[in-house]
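To keep things clear, I will list the structure first and then write my remarks on it.
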Amino acid sequence: MLSKTVSDSDVYRINNAKGKPVTVSDETVYLLTKAIEYSQKYEGIFDVTIGAVTDLWDFRSGTDVIPDEDAIAKALKTVDYKNIVINNNTVTLKNPDTKIDLGAMAKGYIADRMKEYLNSGGCHEGIINLGGNVLTIGPKASGEPYIIGIRKPFKDDGEISTSVKVDDKSVTTSGCTERYFIKDDRLYHHIINPKTGYPFESDLYSVTIVSDSSLEGDVTGTIFYAMGEEKAYKLIKENPDITGIIITDTEKVINVDQ
1131 MLSKTVSDSD VYRINNAKGK PVTVSDETVY LLTKAIEYSQ KYEGIFDVTI
1181 GAVTDLWDFR SGTDVIPDED AIAKALKTVD YKNIVINNNT VTLKNPDTKI
1231 DLGAMAKGYI ADRMKEYLNS GGCHEGIINL GGNVLTIGPK ASGEPYIIGI
1281 RKPFKDDGEI STSVKVDDKS VTTSGCTERY FIKDDRLYHH IINPKTGYPF
1331 ESDLYSVTIV SDSSLEGDVT GTIFYAMGEE KAYKLIKENP DITGIIITDT
1381 EKVINVDQ
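Below, the structure is given as structure tokens:
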């Protein structure tokens, strides 16, 4: 439903409709509405219409190719969340070349829905682990908290920098240490700035958000990473519904509690 590559998904059909209206599911409408809200709130640091730009970057094949500068400039002209027009269950893109990419939202939303499904089936204890998104279901019967490790940046051997103790919470981590390549001594990662078309330059390696909603943690973690240490710390402190862990590019671990 939410994939930009699966040919019968809502997002794929919107992206390839050449500006014609497309009827989609309630879930897709909900996510696009939330995406627009986040874009408005954070003034374009997050923009779900970045798809034409992210299509140019490849962090999976190992080819380590930096996209052509002119191609990035052309793709940037299609990026503007205001191009999305929602009318009940119909979605239209005002710019036919605009493409939606729900990569910063879909996994968190899916994780939340998985938890709802398990709760509705009578599951009251457990862990959902989708990699950067971990949700804990209820308190343990033993009364002990769940302990979720935060992996050390750029380490694939399971070594952790720190951990959090939670009950019935989402723990999401966003950053530059999972999908990336290094070229000419410069790190290129998958969190792309919708204003420049290139990866955000941040003084952070990762931001972990502890919250009730994995969707909220997914999006805000990505945004706060892009903003850097000072603003990320401030915004987490100001939000009474979340706590967080910031790991800087010097591997300093900062616990941000309320």
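Position one of the sequence shown corresponds to residue 1131 (my numbering), numbered consecutively onward.
Ideal Cβ placement from N, Cα and C applies to all residues, glycine included.
Everything numeric in this text was worked out from a predicted model, so none of it was measured.
Check your understanding: Which runs of the alpha helix (DSSP H) fall wholly inside the segment 1146-1186 and span at least 4 residues, in chain order?
Key -> Listed in chain order, they are 1156-1171, 1181-1184.
Exercise for review: Determine the direct distance from the alpha carbon of K1282 to that of E1308, and round the result to whole angstroms.
Suggested key: Between the alpha carbons of E1308 and K1282 lies a gap of roughly 11 angstroms.
Check your understanding: Does the distance from the C-beta atom of D1371 to that of S1341 stay below 8 angstroms?
Key -> Contact: yes.
Practice item. Tell me R1190's beta-bridge partners as DSSP assigns them. Key: The partner list for R1190 (beta bridge, DSSP) is empty, contrary to what the question assumes.
Check your understanding: So, F1311 versus F1189, is the Cβ gap smaller than 8 angstroms?
Key -> Contact: yes.
Review point. Would you report the Cα separation of T1228 and D1210, rounded to the nearest angstrom?
Key: Spanning the two alpha carbons is a distance of roughly 8 angstroms.
Practice item. Work out the CA separation of E1274 and N1225 for me, nearest whole Å. Key: Those two C-alpha atoms are separated by around 52 angstroms.
Review point. Do you know offhand how far E1255's Cα is from S1155's?
Key: So the alpha carbons of these two residues sit roughly 30 angstroms apart.
Review point. Beta carbon of A1234, beta carbon of L1132: below 8 angstroms?
Key: No. Outside cutoff.
Review point. Under three-state DSSP, which class holds F1354?
Key: Three-state result, F1354: helix.
**Study point:** Inter-stretch contact at 8 angstroms, needing at least 3 Cβ pairs: the segment 1167-1177 / the segment 1310-1328
**Key:** Put simply, the segment 1167-1177 touches the segment 1310-1328. At least three CB pairs are less than 8 angstroms apart.
Check your understanding: Can the beta-carbon of I1277 be found less than 8 angstroms from the beta-carbon of T1292?
Key -> The answer is no: Cβ separation not under 8 angstroms.
Review point. How is the beta strand (DSSP E) around N1385 delimited, first residue to last?
Key: Unbroken beta strand (DSSP E) run through N1385: 1383-1386.
**Study point:** For V1141, the three-state DSSP class (helix, strand or coil)
**Key:** Helix.
Point to revise | Exposed unless 16 or more other CB atoms sit within 10 angstroms - verdict on P1329 | key: Buried.
Check your understanding: In chain order, what residues of the same chain lie with their CB nearer than 7 angstroms to the CB of K1313, ignoring the 5 residues before and after it?
Key -> The residues are D1194, I1196.
Exercise for review: State yes or no: is the C-beta of V1264 within less than 8 angstroms of the C-beta of S1304?
Suggested key: By the CB criterion at 8 angstroms, V1264 and S1304 fall outside the cutoff.
Review point. By Cβ distance below 7 angstroms, which residues in the same chain neighbour K1245 in space, the five residues on each side in sequence not counted?
Key: Answer for K1245: I1258, L1265, I1267, listed in chain order.
Practice item. For the beta strand (DSSP E) holding K1313, just list the boundary residues, first then last. Key: Where K1313 is concerned, the enclosing beta strand (DSSP E) stretches over 1310-1313.
Check your understanding: Buried or exposed: which applies to G1374, given that a residue is buried once 16 or more other Cβ atoms fall within 10 Å of its Cβ?
Key -> G1374 comes out buried.
Review point. For P1269, which residues from the same chain have a beta carbon less than 8 angstroms from its beta carbon, with the 5 sequence-adjacent residues on both sides left out?
Key: Counting only Cβ-Cβ distances below 8 angstroms, and skipping sequence neighbours, we find E1255, P1275, D1297, D1298.
Check your understanding: Can you round the beta-carbon distance between L1334 and T1302 to whole angstroms, since I take them to be within the 8 angstroms contact cut?
Key -> Going by Cβ atoms, the distance from L1334 to T1302 rounds to 15 angstroms, so no, they are not a contact pair.
Check your understanding: Mapping DSSP to helix, strand and coil, what is V1195?
Key -> In this structure, V1195 counts as coil in the three-state DSSP scheme.
Review point. Alpha carbon to alpha carbon, what distance is there between Q1170 and V1136?
Key: In this structure, the alpha-carbon of V1136 lies about 28 angstroms from that of Q1170.
Point to revise | Straight-line gap, E1346 to L1232 (C-alpha atoms, nearest Å) | key: E1346 and L1232: Cα-Cα distance of roughly 13 angstroms.
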